[in-house]
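Reviewing the structure listed below.
Protein chains in written order, with our numbering: chain H, 1 to 409; chain V, 410 to 818.
Spelled out as structure tokens, the structure:
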């Protein structure tokens with residue numbers, strides 16, 4: 001592994017490198033390491049949060065690529081373009097969210113937006129709050145920026161804002177609070193309106209900024225979405241992505257922020273990557289500009305994931321009965337499940353599951369303060385519906401502890 | 410502008426945001442602001458370091474995009490892919506540079522590689538050395554990481570390694586030394602072999618790492634290239650880019666580093682943007698895999714830029730005579746010129762030049778410690794050869810100080 005800073009001896013051996021403290025603050029995500037195992041042939045993966053590749057609008061994207069390339073004799077789609085993003089795509093995002101264009105910055109996926117926000121707000125030792133369990137990419141970006149993480153427990157309604165309020169009353173002062181408001185990763189929870197309102201009130205009162213990450217909100221097939229965080233406070237930064245609604249391999253996302261923050265994010269993005277790929281921005285804009293395409297495509301995605309979510313829920317009921325607790329999904333890509341049998345450890349069982357031909361993500365992979373050893377994240381997005389039953393059968397065979405599980409009658 | 414950290418009052422107004430110290434360390438590049446002015450119709454720009462858009466292999470890239478999209482029924486070109494880059498492209502880079510594949514990481518342009526290296530090596534207050542004048546993207550990335558910049562003067566042979574050695578002897582201890590070894594930005598200088606060898610020796614002796622940025626090396630039409638820095642030391646990180654040899658709007662670059670450093674860079678890239686766009690990597694690999702394409706394309710680029718460089722040199726001789734000193738280019742995209750008349754300030758004259766219908770970049774925009782007020786960077790890449798003479802005529806009309814300039818006989 002990496003050797004950390006060994007200052008001092010100028011005659012050190014050529015194989016030693018003085019790396020910065022930043023490298024020491026992060027470690028390779030356990031989840032990435034586990035996902036690498038989930039790549040075996042024959043294995044049914046309930047692990048990765050990958051969108052279904054058969055849902056990608058391949059021909060529409062190919063046509064758009066040809067259109068933007070051949071439509072610009074000056075090679076405009078291949079030239080450098082502004083750091084904040086191309087005007088047309090910024091305008092599209094602004095229109096979709098009902099905000100002024102100068103609040104919008106196009107980013108290289110919403111992960112980059114998260115990193116820019118972390119760098120823009122978090123100095124070494126600053127407190128940043130987020131739900132535990134939490135999105136690994138957020139935990140890593142905040143840690144890399146030097147954050148002291150304030151882990152707030154979450155329940156079926158997402159981050160527990162009353163617990164956060166209690167920590168604030170006791171004197172903790174986060175510079176930001178990160179939340180995935182719709183179909184949270186990993187818990188699948190959607191934060192209800194009252195809780196969002198309370199969080200907005202705390203942001204105003206304690207002067208932190210709410211970072212609302214919403215890559216899954218468009219993937220809702222049941223119920224209705226609570227209002228966005230911007231309804232409750234101006235102290236909000238919204239992260240969006242085309243990864244889950246078009247394709248992740250394009251790496252196009254965006255961040256909407258109050259003007260002074262937007263200006264700072266563009267300033268930070270200059271030395272980070274100059275700009276997001278011009279070609280990809282042009283292609284995304286071209287695809288979004290096809291009359292009727294996006295709504296029809298979203299309808300197809302919702303139908304596809306609703307079918308798979310239902311198949312997964314049925315399989316879990318059938319094979320685990322009351323041995324596994326979970327809330328069926330109204331949207332998004334995964335569910336979070338709790339094993340009733342407290343003697344079974346999902347992290348320990350992971351290797352056995354792989355050997356049995358099924359992959360899942362153990363709760364421990366998402367933990368900050370908590371261990372989440374009886375919990376696991378199950379994705380229904382990447383495996384076809386007809387494989388889900390067999391996958392869950394293998395899962396049941398792996399996780400069945402000493403207490404017999406009652407099959408559903 | 411951005412309000413910096415105003416900690417304290419929890420009842421601050423909603424429009425104030427507590428931004429981190431990182432934001433305060435950088436400022437919008439003067440050059441970006443000046444380039445924004447160079448976008449007027451009718452203006453002849455010698456300012457931007459943009460590749461010639463008519464040189465982009467548009468149809469080859471369009472065909473490659475269609476091939477990689479339609480050739481993958483699983484939508485592979487649109488799915489997530491590994492942080493370190495797709496295997497085929499890493500292997501291509503490794504083959505081209507004669508290094509092991511595990512040293513190669515694909516990045517979102519070489520600017521991202523620079524930012525990752527800065528984050529990986531530079532902690533707040535660490536010393537990083539580079540040539541003055543220097544590449545603005547490097548100055549910004551290093552400052553953002555918290556570097557204390559050690560500005561080393563440069564001459565026609567690039568960074569003055571003897572001056573660097575003197576600073577090292579006096580006790581300065583950079584963690585890295587950044588150099589553009591071939592056709593430097595902004596000076597156009599190529600560092601000769603002896604100086605590279607001396608720099609390599611200092612890296613070994615003082616334990617710093619040499620960051621060799623080489624986006625322009627393939628654009629050589631005269632003379633021969635000195636050996637790469639890796640010839641002289643193992644303590645080297647090489648940054649490469651497809652921006653100048655294919656197209657910048659693809660945002661695909663790479664970094665080659667010793668294995669422990671490569672491992673750290675991948676770790677850092679995870680929270681930064683997860684990965685570089687899969688589609689763009691596949692497209693670049695597809696284009697590079699066309700038999701004979703790259704060498705033929707490079708030959709065309711070299712011929713194009715050689716023609717423009719010659720036209721610029723002729724025009725400068727014709728209009729300025731001995732009033733302007735510069736070294737004709739053997740490659741790259743620009744030259745660095747010195748006005749003999751010390752009463753003329755290229756920064757002050759910039760607005761007048763724009764009004765006269767020509768844009769250039771004043772030396773001051775590249776300064777770290779130095780002011781470079783009699784110097785300017787002139788790019789020959791973006792303006793067609795037949796516009797260069799008229800552009801230089803306007804430049805001469807703007808910059809002609811009280812001392813009459815002798816036209817070439």
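Ideal placement from N, C-alpha and C gives every residue a C-beta, glycine not left out.
Burial is judged here by how many other beta carbons sit within 10 angstroms of a residue's own beta carbon; residue 680 of chain V has at least 16 and is buried. Residues of chain H with a Cβ closer than 7 Å to the Cβ of residue 584 of chain V are, in chain order, 18. In the three-state scheme derived from DSSP, where H, G and I count as helix and E and B as strand, residue 379 of chain H is classed as strand. Neighbours of residue 449 of chain V in chain H, taken as residues whose beta carbon is under 9 Å from its own, are absent, since the nearest beta carbon is some 16 Å off. Listed as beta-bridge partners of residue 629 of chain V by DSSP are V:740. C-alpha of residue 300 of chain H to C-alpha of residue 180 of chain H: approximately 23 Å in a straight line. For residue 185 of chain H, not one C-beta of chain V is nearer than 8 Å to its own C-beta. The beta-carbon distance between residue 312 of chain H and residue 324 of chain H, rounded to whole angstroms, is 11 Å. This is too long to meet the 8 Å contact definition. Collapsing the DSSP output to three states places residue 61 of chain H in a helix. Residue 338 of chain H is bridged by DSSP to H:325 and H:375. In this structure, the alpha-carbon of residue 294 of chain H lies about 54 Å from that of residue 806 of chain V. Nearest to residue 664 of chain V by alpha-carbon distance, out of V:633, V:519, V:446 and V:784, is V:519.
Scanning chain V for C-beta atoms nearer than 8 Å to the C-beta of residue 270 of chain H yields 435, 437, 438, 441, 546 and 549, reported in chain order. Residue burial annotation: residue 103 of chain H is buried, with at least 16 other C-beta atoms found within 10 angstroms of its C-beta. The Cβ atoms of residue 542 of chain V and residue 776 of chain V sit closer than 8 Å to each other. At a cut-off of 8 Å, the C-beta of residue 260 of chain H has a neighbouring C-beta in chain V.
The beta carbon of residue 247 of chain H sits closer than 8 Å to some beta carbon of chain V. Boundaries of the alpha helix (DSSP H) around residue 668 of chain V: 668-682. Bounds of the beta strand (DSSP E) holding residue 515 of chain V are 513-516. Residue pairing for residue 254 of chain H: DSSP places it in a beta bridge opposite H:106 and H:240. Not one beta carbon of chain V lies nearer than 8 Å to the beta carbon of residue 88 of chain H. Below 8 Å, too few C-beta pairs join the stretch 38-50 of chain H and the stretch 222-237 of chain H to call them touching: fewer than three.
Scanning chain H for C-beta atoms nearer than 7 Å to the C-beta of residue 489 of chain V yields 50, 248 and 249, reported in chain order. Under the three-state reduction of DSSP output, residue 766 of chain V falls in the coil class, being neither helix nor strand. Neighbours of residue 277 of chain H across chain V, judged by C-beta separation under 7 Å: 658, 659, 660, 686 and 689. Only residues of its own chain outside the window of five on either side were considered, and among them 221 and 222 have a CB closer than 8 Å to the CB of residue 306 of chain H, listed in chain order. Using a C-beta cut-off of 8 Å, the stretch 612-631 of chain V makes contact with the stretch 515-535 of chain V, since at least three inter-stretch Cβ pairs fall below that distance. Within 8 Å of the CB of residue 112 of chain H, the CB atoms of chain V belong to 681 and 682, in sequence order along the chain. The DSSP-derived three-state label of residue 212 of chain H is strand.
Residue 612 of chain V places its beta carbon 8 Å or farther from that of residue 635 of chain V. Annotation for residue 560 of chain V: no alpha helix (DSSP H) segment contains it, though the beta strand (DSSP E) segment containing it runs 557-564. Counted as a single uninterrupted DSSP element, the alpha helix (DSSP H) harbouring residue 442 of chain V occupies residues 439-446.
The beta carbon of residue 290 of chain H sits no closer than 8 Å to any beta carbon of chain V. Chain H has a Cβ within less than 8 Å of the Cβ of residue 517 of chain V.
Cβ-Cβ distances below 7 Å link residue 454 of chain V to 447, 768, 791 and 792 in the same chain, with the five nearest sequence neighbours on each side left out; the list follows chain order. Counting only Cβ-Cβ distances below 8 Å, residue 772 of chain V has no contacts in chain H at all, with the closest Cβ about 20 Å away.
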